[in-house]
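Numbering (the numbering used here), first residue to last: 869 to 1175. Just so you know, even glycine gets a beta-carbon here, dropped at the ideal spot from N, CA and C.
Structure representation (structure tokens):
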């Protein structure tokens, strides 16, 4: 065989091997092999883009002062569009008549800020004063705080707040988490009835809401894995027709370093049947979930934790 024939056969064999390798590479990686070869010699500029979250234009929040509205502005920037027109905000609960005047004056400023920017507040009122002191549910249920709550709502009205500007009002959230004082079923429903009765006496058209946690557990339960078969014991005593919205809270969970177990399925950490059961009993079709995902990654070195 001539030398030229040997060279030609070898070149043909090498080409077939190369073609086979290219096919295998593209099958495994999904990338074009020659494109990858070009990239080795060509510096490619990385470009990260996001799409619009909605078709609506972003709300103008350039003059917003309330922290939740400023946070909403961050989300709008990331989404290049409007994200939502309802945002959660937390208010403290007054324990004295003096607190009622002070809290109402400051809360009115926040509510007006929301109204000015056409954002509806979902107001969560924990039974906690601004200094962290908790208010006993029994004091609300038995009427000890009636004068304080009445003074608070009257002060809001005197500051120019309307029923619409209140947004959705949700007091005493997560009563089935036992870090509150006497928040069990025996006191939650009476406390809600009392609270909403006073609210409606001042703001008749106010929108009301309750929020329960998907799992019932005590403050010293580090596993957070106690499931609730039903939350009806907490709502059975609530006067029907007084609650417009029913909310359910639940979050994914993973054991600490060295532990075992995880709850990552939404059907487990925020089961919708718990929510529908409460809504059906109270006679409302307006429901909402409070949920989310992990905000940080655990590391053995705190300085390396990313949030």
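_Secondary structure of residue 1066, DSSP reduced to three states_ = helix
_Cβ-Cβ separation, residue 972 to residue 1020 (assumed contact under 8 Å), whole Å_ = 5 Å
*So which of 964, 923, 1054 and 1110 has the shortest CA-CA distance to residue 1014?*
Looking at the Cα atoms, 964 is the closest of the given residues.
*Using the rule of at least 16 other Cβ atoms within 10 Å of the residue's Cβ for burial, across every protein chain shown, is residue 923 buried or exposed?*
exposed
*Measure the alpha-carbon distance for residue 1026 versus residue 1116 and round it to whole angstroms.*
Whole-angstrom Cα-Cα distance: 33 Å.
*Return yes when the Cβ of residue 1159 is within less than 7 Å of the Cβ of residue 1119, no when it is not.*
yes
*Select from 1156, 1169 and 1173 the residue whose C-alpha is nearest the C-alpha of residue 1163.*
1173
*Span separating the alpha-carbon of residue 994 from that of residue 975*: Taken atom to atom, the span from the alpha-carbon of residue 994 to that of residue 975 is near 14 Å.
_Buried or exposed (CB count within 10 angstroms, at least 16 for buried), residue 896_ = Because the pLDDT at residue 896 is just 46, under 50, the model does not fix this residue reliably, and the point stays unresolved.
_CA-to-CA distance, residue 919 to residue 1001, given in whole angstroms_ = 44 Å
*Sorted by chain position, which residues of the same chain lie with C-beta nearer than 7 Å to residue 950's C-beta, five sequence neighbours on each side aside?*
922, 924, 925, 926, 927 and 944
*Hey, would you say residue 1131 sits closer than 7 Å to residue 1157, going by beta carbons?*
no
*Span of the alpha helix (DSSP H) holding residue 1101?*
1100-1103
_Using DSSP's beta-bridge definition, name the partner residues of residue 993._
Answer is 959 and 1039.
*Endpoints, alpha helix (DSSP H) assigned at residue 1015*: Here the alpha helix (DSSP H) through residue 1015 covers 1014-1026.
*Mind checking residue 946: buried by the 16 CB within 10 Å criterion, or exposed?*
Per the 10 Å Cβ criterion, exposed.
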